[in-house]
Amino acid sequence: MQHPDLSIVVPAFNEGENIEALVARLVPVLEGLVERFEILFIDDGSQDDTFARISRAARADPRIRGLAFSRNFGKEIAIAAGLDHAHGRAVILIDADLQHPPEMIAVFVEKWREGYDMVFGQRIDRSADGPVRRWFTELFYRLFARFGETPLPPGAGDFRLMDRKVVDAMRRLGERARFSKGLYAWVGFRSIGVPFEVGERLHGQSKWNYRKLTRFAFDGLSSFSTLPLKLATYLGLVISLIAFAYALLIVARTLLLGVDVPGFPSLIVSVMLFSGIQLVFLGVIGEYVGRIFAEVKRRPLYIVAEEVGSRHAGEAVVREAEAIERRERAGEQRRGRNMPAG
Ligand code: UDP
Ligand code: MG
Numbered sequence: 007m008q009h010p011d012l013s014i015v016v017p018a019f020n021e022g023e024n025i026e027a028l029v030a031r032l033v034p035v036l037e038g039l040v041e042r043f044e045i046l047f048i049d050d051g052s053q054d055d056t057f058a059r060i061s062r063a064a065r066a067d068p069r070i071r072g073l074a075f076s077r078n079f080g081k082e083i084a085i086a087a088g089l090d091h092a093h094g095r096a097v098i099l100i101d102a103d104l105q106h107p108p109e110m111i112a113v114f115v116e117k118w119r120e121g122y123d124m125v126f127g128q129r130i131d132r133s134a135d136g137p138v139r140r141w142f143t144e145l146f147y148r149l150f151a152r153f154g155e156t157p158l159p160p161g162a163g164d165f166r167l168m169d170r171k172v173v174d175a176m177r178r179l180g181e182r183a184r185f186s187k188g189l190y191a192w193v194g195f196r197s198i199g200v201p202f203e204v205g206e207r208l209h210g211q212s213k214w215n216y217r218k219l220t221r222f223a224f225d226g227l228s229s230f231s232t233l234p235l236k237l238a239t240y241l242g243l244v245i246s247l248i249a250f251a252y253a254l255l256i257v258a259r260t261l262l263l264g265v266d267v268p269g270f271p272s273l274i275v276s277v278m279l280f281s282g283i284q285l286v287f288l289g290v291i292g293e294y295v296g297r298i299f300a301e302v303k304r305r306p307l308y309i310v311a312e313e314v315g316s317r318h319a320g321e322a323v324v325r326e327a328e329a330i331e332r333r334e335r336a337g338e339q340r341r342g343r344n345m346p347a348g
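When we follow this note's numbering, the leftmost residue of the sequence shown carries the number 7, and every step to the right adds one.
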């Protein structure tokens with residue numbers, strides 16, 4: 007099989023309304039750029055008609071393929087699956103909601119041809135997100151820049167082109183808590199950012215809520231930093247020093263002024279404060295242990311329930327034929343057993 011020059015990987019979760027519009031904008035751009043390309047949709051367990059629409063697009067155009075997860079695994083995992091199944095000499099990740107302008111792909115490909123292995127879109131403003139989310143985003147990036155093990159280029163997201171070399175490197179990272187933005191930076195390679203303006207979502211609404219974003223932020227920090235763990239050590243040291251100083255003070259005061267019994271409230275307050283701190287850090291350690299547990303279970307990253315596209319049309323026919331044959335054989339056996347002896 008001849009490999010396509012470009013694979014476009016599109017994670018889609020309840021994006022039914024956007025599929026056709028995206029294909030309509032992508033195809034002319036791609037046709038003007040390369041000879042062979044494929045568009046690979048990863049349906050991340052959508053509840054709507056996303057996969058039906060992908061299948062229809064795939065039937066109409068052999069360059070379109072799709073696979074559907076058995077449930078929602080999250081965008082990061084959908085991207086991993088896309089990288090696993092893409093055949094192109096370069097892979098481009100793009101959102102299904104048309105917030106990433108397909109026309110930028112021309113610029114990405116140009117940079118790639120100049121010799122860059124990774125070309126990422128850098129959003130110049132985040133006004134498409136609400137102010138609260140922007141504030142948290144900024145806080146997160148500030149924390150990550152300070153304590154993460156790899157620096158992240160500002161504004162870089164998942165909209166990017168990766169050369170086959172980078173894709174193969176990314177595929178070797180088998181971790182479950184996938185913080186792609188960190189992983190892209192971690193694998194390295196010759197990279198360049200291209201500024202672009204994030205559009206408005208065409209249909210539907212953002213699939214991220216604050217619970218998911220918080221989880222994602224902690225995944226990001228915990229897989230690229232052990233700072234939360236070290237904080238316990240630092241805080242413990244500081245508190246021990248204070249306690250030691252306080253003990254000296256009490257000894258001195260008792261020697262000079264004699265014993266005095268009151269002090270119950272301060273005792274209770276400090277017991278509660280310090281058990282609170284201990285529980286918090288137990289929780290932090292628990293988060294890391296939970297992630298270690300998830301990693302050592304070695305479950306597959308995702309489960310594919312269905313595939314459509316030219317490559318698999320043939321396979322489906324063979325599977326169907328085999329199933330019919332099996333059924334017939336089973337029927338013959340049954341008939342054979344029921345036959346009267348003699
Ligand atoms: N997405 C996904 N799985 C999820 C959440 C999102 O595949 O669990 C896809 C979604 O369909 C879209 C892309 O990831 O193509 C970006 O999602 P969204 O637009 O909701 O995020 P935002 O643009 O608000 O960051
Ligand atoms: Mg979006």
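Beta carbons: idealized from backbone N, C-alpha and C, even for Gly. Computed from a predicted structure; not experimentally measured.
key: Selection from 142, 30, 32, 49 that minimises the alpha carbon distance to residue 311   = 49
key: Boundaries of the alpha helix (DSSP H) in which residue 263 is found, first to last residue   = 233-263
ask   = Taking the alpha-carbon positions, what's the residue 201 to residue 294 distance?
value = 35 Å
task = Quick one: grab the DSSP three-state call for residue 80.
result = coil
query = What's the C-alpha gap between residue 228 and residue 100?
reply = 26 Å
query = Helix, strand or coil for residue 4 per DSSP?
reply = This structure leaves residue 4 out entirely; the chain is present only between 7 and 348.
key: Alpha-carbon to alpha-carbon, residue 204 and residue 107   = 8 Å
Per DSSP, the bridge partner or partners of residue 46 = As a beta-bridge residue in DSSP terms, residue 46 pairs with 15, 71.
task = Please look up how many angstroms separate the CB atoms of residue 46 and residue 9, rounded, as I've assumed it's under 8 Å.
result = No, residue 46 and residue 9 are not in contact; Cβ-Cβ is about 13 Å, not under 8 Å.
task = With distances taken Cα to Cα, identify the nearest neighbour of residue 96 among 42, 278, 63.
result = 42
ask   = What number of angstroms, rounded off, separates the C-alpha of residue 127 from the C-alpha of residue 278?
value = 49 Å
task = Please find out if some non-hydrogen atom of the ligand MG comes closer than 6 Å to the beta-carbon of residue 103.
result = yes
request  = Using a threshold of 7 Å, state whether the C-beta atoms of residue 51 and residue 77 are closer than that.
outcome  = yes
task = Could you please give the first and the last residue of the uninterrupted alpha helix (DSSP H) stretch that includes residue 284?
result = 270-302
N- and C-terminal bounds of the beta strand (DSSP E) containing residue 10 = Taken as a continuous stretch (DSSP letters only), residue 10 belongs to no beta strand (DSSP E), as it is neither H nor E.
key: For residue 24 and residue 71, the rounded distance between their alpha carbons   = 16 Å
query = Quick one: does the C-beta of residue 139 sit closer than 6 Å to a heavy atom of the ligand MG?
reply = no
inquiry  = Just to confirm my understanding: we take residue 300, look at its own chain, exclude 5 residues before and 5 after, and list those with CB closer than 8 Å. What are they?
reply    = 182, 183
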